[in-house]
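In my numbering, the protein residues as written are 1 to 551. Worksheet: the structure to be examined is printed underneath.
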């Protein structure tokens, strides 16, 4: 096949497509055809794909179905009757993007109008009851994202339910596909905001190659946080932002601009391109200011609409709107790996006008350069300063009116950096990932790293207890659950669930009285995190028994 020459390629498929066939990503379904519904997503490569996620294309799709079915795809629709009594659905999409995803449905959609946006919702079974709520939320989220990024590429939208085992969410031009696990009675706004933002980040503008995938997944994850901040206030996003930073720090290597080395949809892929990408955007917003950041995001989307772009293109736009040289920032966070761990030394001096704080900030990264916020808590109101940290040691001198009582570096935790609490969270997160794939040896090593930082970490002890319980090492598991109860109880739910699990251990080992006592102690905490009260009450009346799969 020669470049720039047109070719007709005919591909014939035979047999059933159940969704259980080998997938381009092991364990995730991207395509299936069932009697009542079907879906064929672009990542399935159900048609010949060149330059996956990189080469943009326009498309004409002509799909013939039996008369009782309808097809949902990207673009302008025209229907004709087929000779066998079926229907020909012809979709024309003349913009270069990624329009190769379709859904086939028997049932009629629920049509929802919200904030001037019309959404067709194709949910089935139990999820059908949530169609109206999800359609309403689509209008709210798209209205907010329009205020952030400009007009959406498509005015209206379709929401499609796929099936269990399919990718949690996938966004095609004008269509969002959701697995049943992403649809709940309480609208999953994080998944919805993430996928809807991809109508801009992915459909409208996409990475020029797979090393720039953070420009796709980073803004999508960041949009989740922005929408949470918008609906519940700035403080509401703090825990989610911390979780994003922790996930980002689970991957030490490669640098962001070597993302092509990672397997698609792997935990490392999401940690680097989505979590670290979102952290980079949050730090950039702090460097250039909210107004310039919003202006830059819109300017980037405007300039590169219906095109692919690079990180260099993004940097130049941000430099133009902020009137700053940002090369140091992009070198530090995209081309380099590693995160700083700060150590602060300072002395307070008395002056004629007030007080002067003279100090030094030390960290290990020789090429590091970043403006860092410094909060000085005084006898009066706190005073905020900005310190330029360069290299491994940076001296500073700041004047204050009130007498300084305490200095806090990076008080809002904007920087992607390590401190004891983050080190613990990162180690536990890594351990949980190993545990999820039954790699208990490496999981235990990570949990023990957390205990090296804080011997009283209840969460680390609890996770080790879970691991030993899974291995039927009941004495060691009991020791760890006791240590969790006697630890820092961060998070608080470790107490109730440690009692529940101790009860299970005593039931399994034939000590019913001791088991009931643990369940009662769990009930006394009044903590119902994860349904703990119901579980404790159930086993208080009927002993816990291991399932066959557990033995």
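Each residue gets a CB set at the ideal place from its N, CA and C atoms; glycine is no exception.
Can you name, in chain order, every residue of its own chain whose Cβ lies under 7 Å from the Cβ of residue i, other than the five neighbours on each side?
{"i": "residue 281", "result": "218, 219, 222"}
{"i": "residue 161", "result": "122, 123, 124, 127, 178, 180, 183"}
{"i": "residue 478", "result": "502, 505"}
{"i": "residue 305", "result": "204, 205"}
{"i": "residue 324", "result": "288"}
{"i": "residue 442", "result": "434"}
Exposed or buried, residue i, counting other C-beta atoms within 10 Å across all chains shown (16 or more means buried)?
{"i": "residue 492", "result": "exposed"}
{"i": "residue 509", "result": "exposed"}
{"i": "residue 551", "result": "Low per-residue confidence applies at residue 551: pLDDT is 46, beneath 50, and the placement is therefore not dependable, though the value from the model is reported in the following sentence. With fewer than 16 Cβ atoms within 10 Å of its Cβ, residue 551 is classed as exposed."}
{"i": "residue 558", "result": "Look at the range of the chain in this structure, 1 to 551, and you will see that residue 558 is not part of it."}
{"i": "residue 499", "result": "buried"}
{"i": "residue 504", "result": "buried"}
{"i": "residue 347", "result": "exposed"}
{"i": "residue 446", "result": "buried"}
{"i": "residue 358", "result": "exposed"}
{"i": "residue 3", "result": "exposed"}
{"i": "residue 410", "result": "buried"}
{"i": "residue 151", "result": "exposed"}
{"i": "residue 99", "result": "buried"}
{"i": "residue 47", "result": "exposed"}
{"i": "residue 343", "result": "exposed"}
{"i": "residue 84", "result": "exposed"}
{"i": "residue 66", "result": "exposed"}
{"i": "residue 527", "result": "buried"}
{"i": "residue 58", "result": "exposed"}
{"i": "residue 507", "result": "buried"}
{"i": "residue 424", "result": "buried"}
{"i": "residue 97", "result": "buried"}
So for residue i, helix, strand or coil by DSSP?
{"i": "residue 280", "result": "helix"}
{"i": "residue 339", "result": "coil"}
{"i": "residue 551", "result": "Because the pLDDT of residue 551 is 46, which lies under 50, any placement of that residue in the model is unreliable, and the question is left without a value."}
{"i": "residue 372", "result": "strand"}
{"i": "residue 76", "result": "strand"}
{"i": "residue 404", "result": "strand"}
{"i": "residue 171", "result": "strand"}
{"i": "residue 56", "result": "coil"}
{"i": "residue 111", "result": "strand"}
{"i": "residue 180", "result": "helix"}
{"i": "residue 503", "result": "helix"}
{"i": "residue 348", "result": "strand"}
{"i": "residue 50", "result": "coil"}
{"i": "residue 364", "result": "coil"}
{"i": "residue 556", "result": "This structure gives no information on residue 556, because the portion of the chain shown stretches from 1 to 551."}
{"i": "residue 320", "result": "helix"}
{"i": "residue 198", "result": "coil"}
Any heavy atom of the ligand HEM closer than 8 Å to the Cβ of residue i?
{"i": "residue 95", "result": "Inclusion of the ligand HEM in the displayed structure is not the case, the ligand content being empty and no account of it being possible."}
Are the CB atoms of residue j and residue i within a distance shorter than 9 Å?
{"i": "residue 251", "j": "residue 370", "result": "no"}
{"i": "residue 144", "j": "residue 230", "result": "yes"}
{"i": "residue 330", "j": "residue 311", "result": "yes"}
{"i": "residue 92", "j": "residue 60", "result": "yes"}
{"i": "residue 193", "j": "residue 117", "result": "no"}
{"i": "residue 158", "j": "residue 119", "result": "yes"}
{"i": "residue 201", "j": "residue 272", "result": "no"}
{"i": "residue 166", "j": "residue 32", "result": "yes"}
{"i": "residue 289", "j": "residue 317", "result": "no"}
{"i": "residue 463", "j": "residue 432", "result": "yes"}
{"i": "residue 195", "j": "residue 176", "result": "yes"}
{"i": "residue 38", "j": "residue 104", "result": "yes"}
{"i": "residue 552", "j": "residue 174", "result": "Because residue 552 is not part of the residues shown, which for the chain are 1 to 551, the question remains open."}
Can you name, in chain order, every residue of its own chain whose Cβ lies under 6 Å from the Cβ of residue i, other than the five neighbours on each side?
{"i": "residue 257", "result": "211, 334, 335"}
{"i": "residue 389", "result": "361, 370, 372"}
{"i": "residue 349", "result": "356"}
{"i": "residue 274", "result": "217, 221"}
{"i": "residue 536", "result": "500, 519, 522, 523"}
{"i": "residue 376", "result": "383, 400, 404, 407"}
{"i": "residue 82", "result": "64, 88"}
{"i": "residue 340", "result": "363, 365, 368, 417"}
{"i": "residue 485", "result": "495, 498"}
{"i": "residue 264", "result": "25"}
Considering only residues of the same chain and omitting the five flanking positions on each side of residue i, which have a CB-CB separation below 8 Å?
{"i": "residue 420", "result": "453, 454"}
{"i": "residue 488", "result": "454, 456, 457, 458"}
{"i": "residue 351", "result": "399"}
{"i": "residue 353", "result": "399, 401"}
Please list the segments of the alpha helix (DSSP H) lying wholly inside the region 121-150, counting only runs of 4 or more residues, in order along the chain. 131-149
Which parts of the region 201-256 are runs of the alpha helix (DSSP H), unbroken and 4 residues or longer, counting only runs that do not cross its ends? Counting whole runs of 4 or more residues, the region 201-256 contains the alpha helix (DSSP H) stretches 214-232, 238-249.
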